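Enquirer: Going by the numbering used here, the sequence shown opens with residue 103, and the numbers climb by one from there.
First, the structure itself, so that you have it in front of you.
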Amino acid sequence: MTATSPTPVPVPDASAPSQAQCAEAIAGQALRDTAAPIALRRLHAADPFRWLLRGLHDMRAAPGIAVFYGVCFWGMAMLLGWVLRTRPEYTMSLASGCLLLGPFLAMGLYDTSRRRESGQRPQLGESLTCWDSHMGSMGMLVLVLVVLELLWGRASLVVFAVFFNTGMPSTTGVLDAVFNPQNWGFVAVYTVVGGVFAALVFSTSVVSIPMILDRDTDALTAGITSLLVVLENTGVMLLWGLLITVIVAVSLWLWGVPLLLAGPLLGHASWYAYRASVAPARPADSAAGAVPERVGVPLQ
């Protein structure tokens, strides 16, 4: 009888990493990727006009989506006009609310541009629900902007109360105050107060909302990044804010009808403003020790 040798039992290699070690390494790499610094790009004076041109291309590629959001922006303009006629003292407060709601409403347009950019076909239903997976970050950002909006509204009422201690003026009284040389002090103070809060809302939201949609980052990081973009490219962002103000002001002067086109145009263009301001995430570069174009803030 021939003796059979026993089947050798594999001995685990002590040098091979265990499953727990592999999981820990993957988690550590993910943490390093998440902590990669955000690279900010240097903008140029001609960039805002390029954003508008690319936004126009997106409008032409998805006209149905553009019409839907254009009607929404037009409805906001009609509401603003009604408040101006009936309760003019709240006009600036509502205007600040529109500045708050506008970028969130435009989130669907950001999603449309993002999908086109990645070669996907945009859908209206998907644009309406693009925010549902970012509820935490968006909720915190909404809270910050609502606080700014409330402070803005309170400040505008205080300015009215100081200069019109006999009571809030009617619509005619507001127009008389604006065009009366004796009330230029009121106009100057009202403009400065409104400009400061408008600049805060604009600086906080110009990049943060599309960034949350794109990277699902937290509200604090997105808000700080947005502020840094404005600080690093103050001249270009002032031009961009001026273009938005002029386009919206002309649209409102014409009973808001141009907002049917101007609203979607600015929404799509704002996505490209974000794309031009913040470099795409490159975690591999961070792991390899590459130096970003402009170091912003680390993702939390």
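The beta-carbon is built from N, C-alpha and C at its ideal position, and this holds for glycine as well.
Keep in mind the model is a prediction, meaning the values are calculated, not measured.
#1: Since T327 contacts M313 with CB under 8 Å, what's their CB separation in whole angstroms?
#2: Any idea which residues DSSP pairs S380 with across the strands?
#3: For P382, which residues from the same chain have a beta carbon less than 8 Å from its beta carbon, with the 5 sequence-adjacent residues on both sides left out?
#4: To test your reading of the DSSP string, which unbroken alpha helix (DSSP H) runs of 4 or more residues are found completely within the segment 230 to 312?
#5: Going straight from the alpha carbon of A137 to that of D318, what length do you get?
#6: Can you check whether the CB of L196 is closer than 9 Å to the CB of V185?
#7: Report the three-state DSSP secondary structure of D318 (helix, strand or coil).
#8: Go ahead and pull the three-state DSSP assignment for L329.
#9: Should the segment 335 to 349 be called in touch with the segment 147 to 156, which here means at least 3 C-beta pairs below 8 Å?
#10: When you compare only the Cα positions, how much space is there between C232 and F288?
#11: Can you tell me whether V352 is helix, strand or coil according to DSSP?
#12: Using a Cβ-Cβ cut-off of 8 Å (strictly less than) and excluding sequence neighbours within five positions of S239, which residues of its own chain qualify?
#13: How should M161 be labelled, buried or exposed, when 16 other C-beta atoms within 10 angstroms of its C-beta is the threshold for buried?
#14: Are three or more beta carbon pairs between the segment 218 to 225 and the segment 294 to 312 nearer than 8 Å?
#15: To the nearest angstrom, how far is the alpha carbon of Y374 from that of W286?
Expert: The short version:
#1: 6 Å
#2: Residue identity differs from the one stated: residue 380 is Val in this sequence, not Ser. Beta-bridge pairing links V380 to L142.
#3: none
#4: 237 to 265, 273 to 281, 286 to 307
#5: Confidence is the limiting factor: at A137 the pLDDT is only 47, short of 50, which leaves the residue's position unreliable and the question unanswerable from this model.
#6: yes
#7: coil
#8: helix
#9: yes
#10: 43 Å
#11: helix
#12: I314, D318, T319, D320, A321, A324
#13: buried
#14: no
#15: 39 Å
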